[in-house]
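Enquirer: Take 1378 as the starting number for the sequence shown in the working numbering and just add one per residue. We treat Cβ as the ideally placed atom computed from N, Cα and C, and that holds for glycine.
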Amino acid sequence: MSSQSKRLVPISENVVKELMEFSSRIGIPFRELVEKILISFAEVSRTNPHLINIIYNFDLLEDLRKIGGIILPQNFINKLIEKMSDEDLEELREELKRSSSWLGLLVKVKRGGSLENMIDILKIWLSNMKIDVIPLQNEKDLYKIVISSPEQDERTGLLIEAIIEGVSKAFDATIISRDIEKGIVV
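#1: Helix, strand or coil for Gln-1529, going by three-state DSSP, please let me know.
#2: Below 8 angstroms, is the gap between the Cβ of Ile-1524 and the nearest heavy atom of the ligand ZN?
#3: Within the chosen definition, does the stretch 1470-1481 reach the stretch 1534-1551 through at least 3 CB pairs nearer than 8 angstroms?
#4: Taking the runs of the alpha helix (DSSP H) that are 4 residues or longer, which of them lie wholly in the stretch 1427-1470?
#5: Give the secondary structure of Met-1378 by DSSP, where H, G and I count as helix, E and B as strand, and everything else as coil.
#6: For Leu-1499 and Gly-1534, what's the separation of their Cα atoms in angstroms?
#7: What is the rounded straight-line gap between the Cα of Ser-1526 and the Cα of Asp-1509?
#8: Helix, strand or coil for Glu-1558 per DSSP?
Rendered as structure tokens:
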């Protein structure tokens, strides 16, 4: 790889062992793998200092993909939702609750049951919407979650509500109240 001078960096034995196993699986020498990872990290971090979030979000997207989550144009989805019968909409709501609850449980097991992890799921799943978390005054561990988009109608709001319910269930969070209006779910 590089002909520049080398430096010893103390890294925990567990990390070294895990990377050595990975390098063996993919057929790249350990030193070369570590150097490639560090070079890639340095290059990406020049333009995006939040690389750890990118890696975390990529893992979340992979988990979402595993449950059949796909990305489609919002306008097309809105037309489909508009044309759905009430029965089909309810069936979709139930599927979204199950899927989002599964994803929530997976994230909770992998990373813990923090509010930040819960919100990260919503930000990935509802990536084209603005998500605000507002702590309620004088109330410990109570938050208002506001999800908004100018493209969102009330039927879409019902689907968003289903996703929130599923994720909340996985994180053992209780929904105290809810409000769905055109463009906003609280």
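Expert: The structure says:
#1: coil
#2: With respect to small molecules bound, the structure shown includes none, and the ligand ZN cannot be examined in it.
#3: yes
#4: 1428-1443 and 1451-1460
#5: Its pLDDT being 49, under 50, Met-1378 is placed unreliably by the model, and the measurement read from it follows with that caveat. Looking at Met-1378 - three-state DSSP - the assignment turns out to be coil, as it is neither helix nor strand.
#6: 13 angstroms
#7: 12 angstroms
#8: strand
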